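**Student:**
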Amino acid sequence: MRDGCDTQISDKLMAWYDRHARDLPWRVPPGSTQMPDPYRIWLSEVMLQQTTVAAVKAYFHRFTERWPTVQALAAARDEDVMAEWAGLGYYARARNLLKCAREVARIGEFPRSREGLQALPGIGPYTSAAIAAIAFEQPETVLDGNVERVMARLFDEHTPLPQAKPILTEYAASLTPQHRPGDHAQAVMDLGATICTPRNPACGICPVMVHCAARVAGTAPALPRKTRKPAKPVRLGIAYLGRRVDGAWLMERRPPQGLLGGMLGWPGSDWTEATPADIPPQKGEWHALPEEVRHTFTHFHLRLSLRVAHLPLSATGNFIPASEFNPADLPTVMRKAHKLATAHLDLSEAS
DNA sequence: AAGGCGGGGTC
DNA sequence: GACCCAGCCTT
18 MRDGCDTQIS DKLMAWYDRH ARDLPWRVPP GSTQMPDPYR IWLSEVMLQQ TTVAAVKAYF
78 HRFTERWPTV QALAAARDED VMAEWAGLGY YARARNLLKC AREVARIGEF PRSREGLQAL
138 PGIGPYTSAA IAAIAFEQPE TVLDGNVERV MARLFDEHTP LPQAKPILTE YAASLTPQHR
198 PGDHAQAVMD LGATICTPRN PACGICPVMV HCAARVAGTA PALPRKTRKP AKPVRLGIAY
258 LGRRVDGAWL MERRPPQGLL GGMLGWPGSD WTEATPADIP PQKGEWHALP EEVRHTFTHF
318 HLRLSLRVAH LPLSATGNFI PASEFNPADL PTVMRKAHKL ATAHLDLSEA S
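Heads up, the first sequence stops at 368 in our numbering, and the numbers go up one at a time, no gaps.
1. Excluding five sequence neighbours on each side, which residues of the same chain lie with their C-beta closer than 7 Å to the C-beta of R260?
2. Evaluate the contact criterion for the stretch 190-206 versus the stretch 157-175: three or more CB pairs, one atom per stretch, below 8 Å.
3. Using a Cβ distance threshold of 8 Å, determine whether the stretch 242-253 contacts the stretch 311-320, with at least three qualifying pairs required.
4. Consult DSSP for R19 and reduce its assignment to one of helix, strand or coil.
5. Taking C-beta to C-beta, are P224 and A237 nearer than 8 Å?
6. Note the first and the last residue of the continuous alpha helix (DSSP H) segment covering G370.
7. For M64, count neighbouring C-beta atoms within 10 Å of its own C-beta (all shown protein chains included) and say buried if the count is 16 or more, exposed if not.
8. Sorted by chain position, which residues of the same chain lie with C-beta nearer than 6 Å to S368's C-beta, five sequence neighbours on each side aside?
9. Report yes or no: do three or more beta-carbon pairs, one from the stretch 172-182 and one from the stretch 77-97, lie closer than 8 Å?
10. What is the DSSP secondary structure of Y107, counted as helix, strand or coil?
11. Whole angstroms is fine: what's the gap from E132's alpha carbon to G139's?
12. Can you name the residues that DSSP bridges to Y257?
13. Please classify A358 as buried or exposed, where buried requires at least 16 other C-beta atoms within 10 Å of its C-beta.
14. Would you check if the stretch 265-284 and the stretch 335-348 touch, i.e. whether three or more CB-CB distances between them fall below 8 Å?
15. Express the C-alpha separation of A360 and E302 in angstroms, rounding to a whole number.
16. What beta strand (DSSP E) runs, 3 residues minimum, are completely inside the stretch 201-288?
17. Between which residues of its own chain and A291 is the CB-CB distance below 8 Å, once the five residues before and five after are set aside?
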């Protein structure tokens, strides 16, 4: 217990990581002499909040190509960053990303301490620890979904989440070494992502299987316990997709807070459990589509009814010219609506 | 302390 | 359908 940690477990984890670390675009492989770029670590960690590695890769690549440094990102236009983030979800992350980049650019560099990092927008307990450990080699302890699962199993902890969080933090801290804390953090997360998986954990090939209390008890697949969430209600809405004859679309920028905040979208009703009133954003011949968009958000299912119209060249309002319109810039539900509407509009034009 | 906040993969 | 994912912010 030289480091105040269980060196047996951390040594085995590190040996396993040296052989089996995932090859990730933002990662410096174990054994490399180069130091990770704090900008890339920060960007990847924010993208990875509640998001899978597979989903993040393409976004990380595009962001770093377009904005290679935190100074470049700080100088970006808000709408360009939101458009580049479109489809990744949790859009408050993109707004805070930009705020954070501008703050860091103003200071001159990323703070190295966990406290300094956590004072920045969009950086909470997990992300501050991750950046401090991975980018700056400080012995901070990360606690994400992977670590929670690994700790609950190693120590056979049956207290349900989120109540168990402080306990699991203690366990994770007890394993954090002074040496290579960043690689240790990534090792635990890699273990959780590839071996100690939520269902059907591969205990037979786990590097720390002999230390795992849940494996002895046979409880590993059932851990961690979680209090289950109530079912999602269904909400209804109407969206209006108006295309002018020059190809421009009638759209609106959503308010900066709340659902899909700051993102581009179609005008329409509020989304509520009651049937919405059909009030078009401007006059025209609005046709109801027979098919509706179905989309699930964090806390409700949406059934979005669509109205489409060909609008005359004389129509005014917030039109996005065809040359500037890119469905990839829209959040997914708006993209789905566009896909359905164009299929209908193009069909009606062809006839 | 609790609830809002995306989207896709998986079972 | 429900669960899961390198969580954070507001109230």
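Yeah, the Cβ is synthetic: ideal placement off N, Cα and C, and Gly gets one too.
On a predicted model such as this, the values are computed, not experimentally measured, just so you know.
**Tutor:** According to the data block:
1. As a first step, residue 260 is located in the first sequence; it is residue number 243 there, counting from the start. For R260, where only same-chain residues beyond five positions count, the Cβ hits under 7 Å are W266, H327, L328 and L362.
2. yes
3. yes
4. Mapped onto the first sequence, residue 19 falls at position 2. Legend: pLDDT at R19 = 41, less than 50; position of this residue unreliable, value from coordinates given subsequently. If DSSP states are grouped into helix, strand and coil, R19 belongs with coil.
5. To locate residue 224, count along the first sequence from 1; it is residue 207. To locate residue 237, count along the first sequence from 1; it is residue 220. No, these two residues do not count as a Cβ contact at 8 Å.
6. Outside the shown range of the chain, which is 18 to 368, sits residue 370, and nothing can be said about it.
7. The count along the first sequence starts at 1 and reaches residue 64 at position 47. Label assigned to M64: buried.
8. Position 351 of the first sequence, counted from the start, is the residue given in the question as residue 368. Note that S368 scores a pLDDT of 45, beneath 50, so its modelled location is shaky; the value from the coordinates is reported in the next line. Once the five neighbours on either side are set aside, S368 has no close Cβ partner at all.
9. no
10. Mapped onto the first sequence, residue 107 falls at position 90. Three-state result, Y107: coil.
11. Here residue 132 refers to the residue found at position 115 when the first sequence is read from its first residue. Here residue 139 refers to the residue found at position 122 when the first sequence is read from its first residue. Roughly 13 Å separates the two Cα atoms.
12. Against the first sequence, residue 257 aligns to sequence position 240. According to DSSP, which records beta bridges pairwise, Y257 is partnered with R324.
13. On the first sequence, position 341 is the one that residue 358 refers to. Burial call: buried.
14. yes
15. Counting from 1 along the first sequence, the entry for residue 302 is found at position 285. Counting from 1 along the first sequence, the entry for residue 360 is found at position 343. C-alpha separation (whole angstroms): 17 Å.
16. 251-261
17. Position 274 of the first sequence, counted from the start, is the residue given in the question as residue 291. Closer than 8 Å at Cβ, skipping near neighbours: L253.
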